[in-house]
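In the UniProt record's numbering, the protein residues as written are 1 to 752. Here the structure comes first, spelled out in structure tokens, and everything after it is commentary.
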């Protein structure tokens with residue numbers, strides 16, 4: 001709408017002088033409380049020529065009400081009428097006791113799963129919603145971490161299984177608990193990979209649920225539509241439909257013919273052609289729809305043209321305060337809304353209603369750099385939560401403003417969101433970009449930032465189960481520390497502790513002891529004491545595995561003394577240290593032949609890992625507890641904890657842990673004179689070890705399988721498995737396993 005014309009582009013209503021908003025928009029029937037819109041209430045053009053498609057959507061909604069969930073993709077070129085058809089469906093369902101949730105692929109650009117962050121955080125439906133009985137406390141915690149952008153403390157062995165668990169929690173929260181729900185996602189061509197993955201999981205689970213998923217995507221969308229979904233494609237309007245629509249706005253004659261020619265059945269171009277005529281810009285219409293758009297743009301005031309040029313730099317979705325700060329106020333924005341140039345959407349943001357090609361192309365490089373700098377500053381002036389969700393946009397503007405040092409903190413926020421969403425591959429991509437950005441800084445600043453980034457890359461590799469890559473990243477980070485410090489800084493101690501944990505998992509126990517000794521003296525800060533105590537506990541664990549029990553006990557006493565210097569038990573991070581300490585003490589007691597006392601220590605590990613939320617350590621504690629009960633002669637308890645460990649490790653995807661647990665169960669069944677059960681567990685463990693290519697583990701399991709065959713009287717098969725066990729142990733240079741296999745072979749020969 002042009003301020004001089006006083007015409008609403010959508011409905012053609014004449015506006016009073018100085019009025020920028022169509023009065024029909026305020027008189028629209030309010031929607032029900034269960035309807036959560038992406039766009040704000042606005043005056044809409046009449047729906048023409050889409051009655052069959054609308055009836056199809058209504059029928060699908062009714063099927064969803066009956067519990068037969070469906071997913072539909074509404075596709076078509078830009079401006080063909082997808083959003084108008086969706087609005088008509090929302091109007092039809094508003095009084096039908098449906099919950100309608102709308103989101104958009106342009107929400108929070110650059111943030112992993114931005115559409116769902118916006119949709120679910122705005123409704124607060126994930127914390128969890130009252131009455132959602134299918135969400136466990138663990139699922140609610142996953143969702144809260146996802147929404148808050150908090151990284152996960154646990155170390156999943158298989159990221160895919162943990163991602164599925166996160167997707168489960170998100171899907172549960174999106175599902176209805178009172179009334180049938182319609183979930184609408186617009187502009188899906190802009191959605192990120194994580195959002196698409198979540199939606200694919202959701203679509204596969206709709207068969208018996210009262211949910212209709214409606215996705216609006218342009219025909220040029222890059223991703224494939226999930227198999228269970230139905231695709232409805234919108235084409236141009238027919239000649240008769242367009243004539244009937246235009247007849248109510250333009251009298252018969254050359255003017256109407258021009259509108260029909262320029263519009264060519266395209267609803268958006270028809271609206272612009274009608275607005276062009278009603279604004280009285282010229283007597284005749286230009287030849288094409290793009291020329292009409294350009295003429296309307298040139299007729300705007302200089303202030304409004306500048307606002308549109310600035311919005312083109314801001315991207316597909318941007319906060320209203322940011323645009324207002326860049327154009328000197330909000331006075332010109334209402335006219336751009338009713339004129340069809342900008343669309344107000346959820347959360348006080350704007351997106352484009354009509355985009356002029358080539359906006360801002362005439363700006364000089366200096367002007368563009370200055371605009372990006374001002375945009376970044378305007379974003380940083382937003383409230384904390386809004387700024388945090390827009391960290392990808394802030395970093396983009398600082399980079400375009402040639403201020404890389406200002407972009408780095410926001411890039412780390414983006415990577416943190418990826419880690420919270422259990423997408424370390426995406427986080428690593430961001431960290432690599434950040435390393436290139438840091439290389440542009442001064443030598444000292446580049447060293448400081450690179451040190452932080454390499455440590456964070458190690459965290460991402462560890463989360464993905466890539467232990468060797470994590471070790472390499474942390475060693476690089478340590479090499480970038482200040483040379484020859486008098487006392488170890490908390491950051492260095494923390495990195496050493498992470499490195500020691502992954503080296504311990506790689507069974508290089510001497511190196512763990514060396515790393516603990518490298519730490520040297522430390523200050524008495526809380527972080528330093530926690531990291532130093534954790535290093536001592538890891539060192540004690542390594543010493544236990546090397547059978548140096550006196551040194552291990554001394555290390556544990558030192559670690560416990562450091563913890564006593566902390567103010568209380570609720571210190572963040574203390575639970576993780578306590579779990580390692582109790583695990584080390586349990587391992588020490590097991591090495592000294594006291595499994596009964598070790599069970600108490602491993603039970604304490606379970607309590608602390610529940611508090612810290614470390615899934616990996618919790619599964620290890622369950623296995624250790626089963627092993628301790630087995631050595632103490634309490635077979636039933638041992639089987640119980642081995643089964644719990646097996647279930648948790650299977651959920652995590654930890655094949656190695658599952659194989660070791662099957663080995664423990666096989667030994668238990670052999671002791672209980674149940675060779676059939678022992679054989680079954682040994683075979684399952686051997687299959688997992690074969691997938692991993694771990695010949696030492698295969699040797700252990702083949703020994704257990706050979707003993708089971710021997711108990712069953714199958715001597716030839718027993719001899720074959722024991723010979724293979726010896727070969728695997730020799731190839732892995734595992735002397736204890738080799739001696740075990742050779743002893744079993746000698747016992748078999750003696751029986752013959």
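Note that the Cβ used here is the ideal one computed from N, Cα and C, for glycine as well.
Here residue 233 carries a strand assignment [DSSP, helix/strand/coil]. Residue 46 counts as exposed, since fewer than 16 other C-beta atoms from the protein chains shown sit within 10 angstroms of its C-beta. Check the Cα spacing between residue 304 and each of 321, 317, 315 and 328: the tightest is with 328.
Going by DSSP, residue 476 is part of the alpha helix (DSSP H) stretching over 467-479.
Within the region 291-344, complete beta strand (DSSP E) segments of at least 3 residues are found at 317-319, given in chain order. With contacts defined as CB atoms closer than 8 Å, residue 396 and residue 117 fail to qualify as a contacting pair. Note that the region 222-237 touches the region 67-82; at least 3 beta-carbon pairs, one per stretch, sit closer than 8 Å. Closest option to residue 121, judged by alpha-carbon separation, among 104, 210, 577 and 148: 148.
Residue 659 has its alpha-carbon roughly 53 Å from the corresponding atom of residue 351.
With 16 or more other CB atoms across the displayed protein chains lying within 10 angstroms of its CB, residue 624 is buried. Using a C-beta cut-off of 8 Å, the region 355-372 makes contact with the region 282-298, since at least three inter-stretch Cβ pairs fall below that distance.
Collapsing the DSSP output to three states places residue 548 in coil. Here residue 104 carries a strand assignment [DSSP, helix/strand/coil].
Partner residues in the beta bridge of residue 216, as assigned by DSSP, are 74. The criterion of a C-beta distance shorter than 8 Å is satisfied by residue 171 and residue 205. In the DSSP assignment, residue 608 falls outside any beta strand (DSSP E) and lies within the alpha helix (DSSP H) extending over 595-612. Rounded to whole angstroms, the gap between the alpha carbons of residue 464 and residue 657 is 16 Å.
Residue 289 carries a helical assignment under DSSP once its states are collapsed to helix, strand and coil.
152 is the residue among 152, 302 and 742 whose C-alpha sits nearest the C-alpha of residue 612.
In the DSSP assignment, residue 617 falls outside any beta strand (DSSP E) and lies within the alpha helix (DSSP H) extending over 615-631. Residue burial annotation: residue 565 is exposed, with fewer than 16 other C-beta atoms found within 10 angstroms of its C-beta.
Secondary structure note for residue 352: its beta strand (DSSP E) is the uninterrupted segment 349-352. When C-alpha distances from residue 181 are compared across 217, 443, 527 and 60, the shortest belongs to 60.
Less than 8 Å separates the beta-carbon of residue 497 from that of residue 534. Within the region 680-729, the complete alpha helix (DSSP H) segments of 4 residues or longer fall at 695-711, listed in chain order. Within 10 angstroms of the beta-carbon of residue 95 lie fewer than 16 other beta-carbons, which makes it exposed. In the three-state reduction of the DSSP assignment, residue 279 falls in the coil class, being assigned neither a helical nor a strand state. A direct Cα-to-Cα measurement between residue 58 and residue 216 gives close to 16 Å. The region 647-656 makes no contact with the region 668-678: fewer than 3 CB pairs, one atom from each, lie closer than 8 Å. The Cβ atoms of residue 455 and residue 477 sit closer than 8 Å to each other. According to DSSP, residue 35 shares a beta bridge with 100. Each residue's CA atom was taken as its position, placing residue 592 and residue 556 some 15 Å apart. About 22 Å separates the beta carbon of residue 186 from that of residue 51, a gap too long to meet the 8 Å contact definition.
By the C-beta criterion, the region 743-751 is judged to be in contact with the region 719-731, since at least 3 inter-stretch pairs fall below 8 Å.
Counted as a single uninterrupted DSSP element, the alpha helix (DSSP H) harbouring residue 648 occupies residues 635-652. Following the DSSP letters along the chain, one finds residue 183 inside the beta strand (DSSP E) bounded by residues 181-186.
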